[in-house]
Every structure is written in C-alpha cells, then in structure tokens.
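Q:
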Amino acid sequence: MTPAPIDTHREGLVDTRTQAVAPRVTIGDRQGRPVLLVDGDPYFYTAYFLRHVVDRDGEGRLSPMTDRDEYVRQLAHLCRPFAQRGIHGYEVPVNIGWNGPNDWDSERPKYLRNGEPALDQFRAITQADPEARMMVNFLIHAPEAWKERFPDEFELDDEGNSYEVSIGSDSYLDELLENLPRFIRFVEESPFAPNVLTYFFSYGHEGFTWSTLRNAVTDFSPAMHRCFRNWLREKYRDVADLRQAWRDTEATFENAGVPTRQEQLASDLGWFRDPTGSQKVFDYIQCRVDRFVNTHYRIAHAIKDACNYRVPVYCFGAYLQVTGWPGCYWFDDVGMRDKEFSPHALSVQTGWGRIIDCPDIDGWESPYDYYYRQMGGVALNQSIEESMRLRGKTFQVNEDTRTFLAHQAGDVYGTVATREETTAVHRRNFGAIASHWSGCNWMEQINNWLQDDGVLDELGRYDRLLQRSIDWPETPVDAIGVFIDEQSIRYEKPLIALDWDLIYKQRVFGLSHCGVPFRCHLLDDLALENMPEYKCNLLLNCFYMDSEREAMVAEKLKRDGKTLVWMVAPGFCHAAEGLSLSSMQRLVGMKFAKCDLDWDQWITISNFAHSITHGLSHDLMYGSNARIGPVFYVDDPDVTVLGRRLLFQGRHEPALTLKEMNSHSSIYSAAPLLPSDLLRNIARYAGCHVYTDENDVVMVGRGLITYHTSAPGERILRLPTPAAVHDLFTGDLLSEGSAEIAVDFKQPGTRVLTTLPPEAWR
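FYI, the numbering for the sequence shown is 1 to 762, going by this note's numbering.
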C-alpha cells in the first residue's frame, strides 16, 4: 500500500519551517574523534531519548493513548525541560507503519508495539523545541498480522517455540526493503526533515536473536532450512565437496539440514572445537553470520539511498564486550539456569567486524553495561568503540542510569538510591563519554526517572561541557590494549562458563579497577594502519589461529619490548593443525602440556620475588569455579614461574608464567579473571603509567581524569608528568604543577579532574 500523502492541516503540522532546507550531515574527524558535522559544523551528539506516554487503567495496566492530541501535549511537556537547558538533541523512537502483509501506512500505523506514529512524535518534540535535532529510531520487527500469515518465516527452536522473524527469511527482507525506503522518503518530504540529523535501525533484537536469551537452540524454521541449503550450494557447488567437508557420504544439497541440538552443542575436546573437523556446524554458523552481515548492508544502503545520502545511518548492536552474558541474567523463569548458553555463540555475534566496515553504516549505539553500574561500579559500553573509532565511525552510549526516582518506583538494572549517588554515577559516566565516545543520549522510560530539576540541571551542565569537548585535544594515554577475538567464539562450546569470566567480568572488575586506563579492540584491528601502539597487550580469547593471523600478531605485537598477556588456550584451535599444543607454543613462546579432562581454574601465587608479584597478598588466588577442559599448564624450564594451578591429586603445575625474549615478553595465565592488583603490577612491568594503587575506577582521556570510588578518604593520584590540575565541576585548582595530587573524598563519589587550560572548559 502506498503511504497516504501528509495531511498538513492536522493540528500541529502547519509550520512556517516547511520551506527550511534540511541540513546535510556527515561524519568527520575532530581532534582525532569522529563527530557529526551538520552542514560542516561539528556537533557532539547529546540527546534526550524520549519514551512514549501511555494510558494506565485502574489496575495499572498500560496501553497506547487513544487521544493523540493529549499524547502530543504530554510528550512535549517531557521534552520542554531539556530544551530549556540547551539540550536540543532527541532520540525519537517511531513506528515505520508496517501493519501487515503488504500493508504499510507511515502516517497512521496500527501496530503500535513497534512504536508511536512518527508524526505524533515529531509534533511533540518540535512544539517543545523548535531547534530540535532528531535521531529517528525505529524497530523493523514484522507485525503480528504478518506472523499469522507467514508462520514458516519465523525462527523456530527444537522444542517448537517460535520467536522473531528468521534471519533466513527472504519474504521478510524483500517486503522490508521495498517499503522501508518509502518511510524514509515520507520523513524526508515532511516539514520535519530539517530537524532530522540521523536514521537509526535495530535489526533483530538490538543486533542479536531474541531466542538466544531464552536458552533456545535454533533455527529449524523452513525459512532457515531454505537459506542454509542455498548457501551450501553457493559455497560448495559440487556435492562431493560438501560430503568431504561434512564427513558425511549421505549429505546432499536437498537433504542438508540445520544441525541438530546435539550437534550445535557438541565439542571435540573438552571446551573446544577442532577447526579441521566436520564443517557442518561451522557452515551453519557462517551461513547465519553471512546472512546477518549482508542484511545490515542492504538495510543501511536502502536507508542511505532513500534519503539521498543526506544524513548518517546508525544501528544498534556489536555487543562483543559483553560476550557470555547468560539468558538467566535477564530472566528468572523456571529452567533458565539448566543450561547457561552463550547468546554470542548461538547467535550471530561473530560478524561485527565486517558490519563495522559497512560504508553505509556510520555509527553505533549501545547501553553502558548493566552488570555493575551502581556506586563503585563502572561505565563500560557493550560495543567495541575503539574498533569503530579506528574506522572513522562514531559510537554513542545509551546513558540509561536508573536514578533515585527509578529506585523509588521499584525499578531494577542498577538503580541508585539517593540524589547524591545519582550525581556521582552520572558524573562517572560523563567522564567516560567525554574521554572516549562520540555522543550520548540520556534515556528514561515510562516512570520518568529524569524529570527532576536537580537532575536536569546536571544534565544541562554535562551537555555544555560535551559541546566544548569537541575542541579538546586527544591527549596521549598510556593504556592497556585489550583484544577480543570474535572468530574464536565459534570454536568454543556455546555456553557461558568460560567467557563470562574471561571477557565479561575481566573488564568489569580487574581491568576497570587496576588504576591503568584500557582500550578494547577486535583482534583484527591489528591489521589496520592506524592501530595504536600499546606497551601492555591483554589477549583474552585468542583461541583460533591460522598462519596469516600468526604473522599479523608477530608483526604488530612481538616487537619493541612489548608485553603480551595470553589467557587460557591461545592458539589451541588452529585452522590447519587442529587442536594443537604446537600452535600454542609458537604463538606464546612457551612449551605447554595438558590433561584431557575438565577441571576448575584456580591459580595461587608461588613466587613473590618478581616485580609482577611483589607486594601482592600472600594468599592471593584468582580464577573461576567453571570446569573447563583440557587443563593447560606450562612445561618449560626456560620460563619464570609466578603462579601454579591447583589440580587433581595435589598437583600444582606452572600456570602463571613469564618468558622474556629479545623482541618482547610473554605472560601466560591458565585461569581467567586476573585481579586488579596483579594487572596493575603487570602493566607497571610493561612500562605503563599507574595513576593509583587503590582499586578504584579511573578513566583517562582528552585532558580528563575521572576518579570514582565507593569509599571515602584521601586518594593519591599520580600523573605521568607534572601539570596544573583543576576540578572540572567546582573549578578549584588542585595543583599548580605537581605530578602527585591528594584528592579527598568526604563521601563516596566522583571527581572529574582536568589538565586542560581553564579557557577550554569554563
């Protein structure tokens, strides 16, 4: 159905701005940071991420408002306080008007589960703020009527449960790509186009499949079977090649099916899968990833083409930094803990490096991490922002802190209890935004946890500083380089037990509290010419290797006296050699041994004479109760043994070891979750600057040092070089030129300090 023409006589649409020229918005570099350029002028994207207004019945049940003019008035009332404080950005969830099969109406959508009508949203925002700058945000889920018509096009698990539309559905994608451009043109031709700075889509559920958060093994839908068979024909062409790869003499392109539950959950030795074994499961994973990647490319191109490349396109996703969060983290249903699947292994989270390279996608957004965001916690995003920045793409954070108002309403997800804690957490997050990222939105949901004058005044201060930060120089930061390898995920069992500690918790606890800044990258970033140099390099899950990757690591990391820290099973899954200790030895430079059984992962420090372990608590242990196999340890007389792992029969084998070579030093840990004290000593050994020996949160970048703590008292902060230091929010001069500063915390909180000259921020 062709969208109806806009009725410009509806209340609120007659507007003298209809002749205004819509700006051309691009992405450009400003002081080493990708930023929006609005008709050439840099703009740090800050926004109010507004939520819809709803009706409540007498029992508190929610439903869409039927009185649309009242809806507009109430939503404008929520937006107006932001405009009054100079925040003119708005992230605007809208409904694209997909009502059913070949039934699209951009102006009057019927299926409101996917958002409110775009014109009502635009009316409310521009009535509240004529200077509004909007990011138009939309879901692209198929509506219920479409699901009823085409049930075979929806993801299906092995127990018969249906979820969102299948990645393999051609019918869904064909209809979406035919009609989504009409919605974009509808907005571009509306009187609100001059207010629109970007378009923002979310494919799947925030860039992953919803089924994987429900501990489901998928996708057994007819749509996916068709997609997989077509993919196999394209890859192999000859059935003999298919049979050889699958090691199955009965396989054909007609009977090849999605791997069974047992096949998808299988491994070859303990936790790991052999890259040289049967390719059936690997083919299925690659098929889904290819489809996921190509769909992002096609959707982004369709949007760009429909708006004539006037504005950037953003998407949600790339949650690689939270590899391993389990479904039971979000849901407490009966049975959710029986098998704690990794949504990244079962989903499509191993193609983001390719999506980041998409020329039609200009930026990403994700929330900051939910696990430990309270007082004393961290401001970490869920995406790989450094990988995006190196490719000239922007990253903006969804700053959805549940303030004390949310706490009073009984909300969860890391609520803070008091106004003082709200300020401390907001300032901690401001420090991360100003130091690292290209934009943010402050989000609230229907309990309106930002609608407080004190909170809003603080957000206004942050906005003014963030706009000034466009011109703050990118000061050198002596950080730890942290590497996550998305390709290695497919060579593990699709469970959370290893990566939950190895990647997720390592960032939240050990790294965030070690007193040394860190930056997270995809391993494949090493191939980029603008890849920064790090003295200390922590390679978390680099299990998969081939000759090309080995050469890349050798060229980029094994030189100039760098320190490389290897975890658990580096290089064990080799493309040509299979599951190989020889591959591990070449990569790390140490001789390894293993026991082919599952065992928990605990290391005790056994040598306190070395600088890496000197001063550590004599009873320090670290690791995990997760039983992972094989059990790896070092069997090499040429290494320095710093710690040993506790094994069966009272064995105590070398498992934290150091080997100094002519070009670099290698450190190996057989257990995950390096504690802050140990990480700090490793970083100091590597030559990194340590800002504090306290296990507090310190973030550094662009002339800011953000210090966050949950404990009162005096802290000693050490700078790399003497400098004048001010408190960014009080303006107090703390040091006229010292390299060591005493910072007093009367109560738990956040101090944002700056070495920038006052004229840059006052």
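From the three backbone atoms N, C-alpha and C, an ideal C-beta is built for every residue, glycine too.
Just the Cα atoms here: how many angstroms apart are Leu156 and Pro143?
A: Stepping through the sequence shown from its first residue, residue 156 is reached at position 156. Stepping through the sequence shown from its first residue, residue 143 is reached at position 143. Approximately 17 Å between the Cα atoms of the pair.
Q: Looking at Val482 and His521, is the spacing between their C-beta atoms short of 8 Å?
A: Counted from its first residue, the sequence shown places residue 521 at position 521. Counted from its first residue, the sequence shown places residue 482 at position 482. Closer than 8 Å, so yes.
Q: So, under 8 Å CB-CB, Gly703 and Trp472 are touching, yes? Tell me the CB distance rounded to an integer number of Å.
A: As a position in the sequence shown, residue 703 is number 703, starting the count at 1. As a position in the sequence shown, residue 472 is number 472, starting the count at 1. Sure, about 6 Å apart at Cβ, within 8 Å.
Q: Please classify Ile433 as buried or exposed, where buried requires at least 16 other C-beta atoms within 10 Å of its C-beta.
A: As a first step, residue 433 is located in the sequence shown; it is residue number 433 there, counting from the start. When all chains shown are included, Ile433 counts as buried.
Q: Determine the burial state of Glu250: buried for a count of at least 16 other Cβ atoms within 10 Å of its Cβ, exposed for fewer.
A: For the purposes of this step, residue 250 is identified with residue 250 of the sequence shown, where counting begins at 1. It is exposed - the Cβ of Glu250 has fewer than 16 other Cβ atoms within 10 Å.
Q: Where does Glu159 land, buried or exposed, given buried means 16+ other C-beta within 10 angstroms?
A: As a position in the sequence shown, residue 159 is number 159, starting the count at 1. By the 10 Å Cβ count, Glu159 comes out exposed.
Q: Among residues of its own chain, excluding the 5 on either side of Glu444, which ones have a beta-carbon nearer than 7 Å to its beta-carbon?
A: As a position in the sequence shown, residue 444 is number 444, starting the count at 1. If we look at Glu444 and ignore the five residues flanking it on each side, its Cβ neighbours are Arg51, Leu450.
Q: Cα separation between Pro42 and Thr613?
A: Position 42 of the sequence shown, counting from 1, holds the residue named residue 42. Position 613 of the sequence shown, counting from 1, holds the residue named residue 613. Distance between the alpha carbons of Pro42 and Thr613 is about 47 Å.
Q: Starting from Asp178, follow the alpha helix (DSSP H) in both directions and report where the run begins and ends.
A: Residue numbering aside, residue 178 sits at position 178 when the sequence shown is read from its first letter. A quick correction: the sequence has Glu, not Asp, at residue 178. That run of the alpha helix (DSSP H) goes 170-188.
Q: For Ser547, which residues in the same chain have their Cβ closer than 8 Å to its Cβ, ignoring the five residues on either side in sequence?
A: Against the sequence shown, residue 547 aligns to sequence position 547. If we look at Ser547 and ignore the five residues flanking it on each side, its Cβ neighbours are Ala575, Ala576.
Q: Reducing DSSP to helix, strand and coil, say where Gln747 ends up.
A: For the purposes of this step, residue 747 is taken as the residue at position 747 of the sequence shown. If DSSP states are grouped into helix, strand and coil, Gln747 belongs with coil.
Q: Apart from the five residues just before and just after Arg185, which ones in its own chain have a Cβ nearer than 7 Å to its Cβ?
A: Residue mapping note: residue 185 aligns to position 185 of the sequence shown, counting from 1. Same-chain partners within the cutoff: Ala306.
Q: I'd like the span of the alpha helix (DSSP H) that includes Asp290, first residue to last.
A: For the purposes of this step, residue 290 is taken as residue 290 along the sequence shown, with counting starting at 1. First-last of the alpha helix (DSSP H) with Asp290: 280-306.
Q: Determine whether the beta carbon atoms of Val94 and Phe138 lie at a separation below 8 Å.
A: Within the sequence shown, numbered from 1, the residue matching residue 94 stands at position 94. Within the sequence shown, numbered from 1, the residue matching residue 138 stands at position 138. In this structure, Phe138 lies closer than 8 Å to Val94 by Cβ.
Q: Suppose you measure from the CA of Val698 to the CA of Ile667; what does that come to, to the nearest Å?
A: One-based indexing of the sequence shown puts residue 698 at position 698. One-based indexing of the sequence shown puts residue 667 at position 667. Their Cα atoms are separated by approximately 24 Å.
Q: Helix, strand or coil for Ser624? Go by DSSP, reduced to three states.
A: For the purposes of this step, residue 624 is taken as the residue at position 624 of the sequence shown. Looking at Ser624 - three-state DSSP - the assignment turns out to be strand.
Q: Hey, which unbroken runs of the alpha helix (DSSP H) at 4 residues or more fall wholly within the stretch 513-571?
A: Listed in chain order, they are 547-556.
Q: Keeping to the same chain, check which residues put their C-beta closer than 7 Å to that of Ser792; ignore five residues upstream and five downstream.
A: Given that the chain is displayed from residue 1 to residue 762, the structure contains no residue 792 and the question cannot be resolved.
Q: With a threshold of 16 other CB atoms inside 10 Å of the CB of Leu786, please say whether the residue is buried or exposed.
A: Any question about residue 786 goes unanswered here, given that the chain covers just 1 to 762.
Q: I need the DSSP call for Ser582, collapsed to helix, strand or coil.
A: As a first step, residue 582 is located in the sequence shown; it is residue number 582 there, counting from the start. Ser582: helix per DSSP, three-state reduction.
Q: Closer than 8 Å by C-beta to Phe208: which residues in its own chain qualify, once you throw out the five before and the five after it? Chain order, please.
A: Translated into positions along the sequence shown, residue 208 becomes position 208. The residues are Gly317, Tyr319, Pro343, His344, Ser347, Val348, Gln349.
Q: Using the three-state DSSP reduction, which class does His610 fall into: helix, strand or coil?
A: Start at 1 with the first residue of the sequence shown, and residue 610 comes out as number 610. Note: His610 maps to coil in three-state DSSP.
Q: Taking the alpha carbon of Gly257 as the point to measure from, which residue in Leu242, Asp268, Gly439 has its own alpha carbon closest?
A: Numbered from 1 along the sequence shown, position 257 holds the residue referred to as residue 257. Of the listed residues, the one whose Cα sits closest to Gly257 is Leu242.
Q: Among all the DSSP beta bridges, which residues are the ones paired with Glu740?
A: For the purposes of this step, residue 740 is identified with residue 740 of the sequence shown, where counting begins at 1. Arg718, per the DSSP bridge assignment.
Q: Could you say which of Ile603, Leu597, Asp596, Trp566 lies nearest to Arg586 if we only look at CA atoms?
A: Within the sequence shown, residue 586 is the residue found at index 586, counting from 1. Selected option, being the one with the closest Cα: Trp566.
Q: How long is the line joining the alpha carbons of Leu719 and Ser735, rounded to whole angstroms?
A: One-based indexing of the sequence shown puts residue 719 at position 719. One-based indexing of the sequence shown puts residue 735 at position 735. For Leu719 and Ser735, the distance between alpha carbons rounds to 11 Å.
Q: Per DSSP, Glu91 is paired with what?
A: As a first step, residue 91 must be located in the sequence shown, where it is residue number 91. For Glu91, which the question treats as bridged, DSSP gives the partners Phe49, Met135.
Q: Assuming Pro630 contacts Lys591 under a Cβ cut-off of 8 Å, what Cβ separation, rounded to an integer in Å, is found between them?
A: The residue you call residue 630 lines up with position 630 of the sequence shown. The residue you call residue 591 lines up with position 591 of the sequence shown. At roughly 15 Å, the Cβ-Cβ gap does not stay under 8 Å, so Pro630 and Lys591 are not in contact.
Q: I'd like the list of long-range same chain contacts for Pro194, defined as Cβ closer than 8 Å, with 5 residues on each side in sequence excluded.
A: Here residue 194 refers to the residue found at position 194 when the sequence shown is read from its first residue. Cβ neighbours of Pro194 beyond the five flanking positions: Arg17, Ala20, Val21, Ala22, Pro23.
Q: Measure the alpha-carbon distance for Lys780 versus His664 and round it to whole angstroms.
A: Because residue 780 is not part of the residues shown, which for the chain are 1 to 762, the question remains open.
Q: To the nearest angstrom, how far is the alpha carbon of Ser676 from that of Glu234?
A: Against the sequence shown, residue 676 aligns to sequence position 676. Against the sequence shown, residue 234 aligns to sequence position 234. Ser676 and Glu234: Cα-Cα distance of roughly 49 Å.
Q: Can you tell me whether Lys746 is buried or exposed, with buried defined as 16 or more other CB within 10 angstroms of its CB?
A: Taking the sequence shown and counting its residues from 1, one reaches residue 746 at position 746. Per the 10 Å Cβ criterion, exposed.
Q: Closest to Tyr199 by CA distance: which of Lys304, Leu177, Arg298, His141 is it?
A: If you number the sequence shown from 1, residue 199 lands on position 199. Cα-wise, what sits closest to Tyr199 is Lys304.
Q: List the whole-angstrom C-beta distance separating Arg288 from Glu386, where the pair is believed to meet the contact cut-off of C-beta under 8 Å.
A: Sequence index remark: in the sequence shown, residue 288 carries index 288 (1-based). Sequence index remark: in the sequence shown, residue 386 carries index 386 (1-based). With a Cβ gap of about 26 Å, Arg288 and Glu386 do not count as contacting.
Q: Looking at C-alpha atoms only, which residue of Val588, Glu421, Pro654, Thr730 is the closest neighbour of Asn607?
A: On the sequence shown, residue 607 is found 607 positions in, with the first residue counted as 1. Among Val588, Glu421, Pro654, Thr730, the Cα nearest to that of Asn607 belongs to Pro654.
Q: Going straight from the alpha carbon of Val568 to that of Pro101, what length do you get?
A: On the sequence shown, position 568 is the one that residue 568 refers to. On the sequence shown, position 101 is the one that residue 101 refers to. Roughly 50 Å between the two C-alpha positions.
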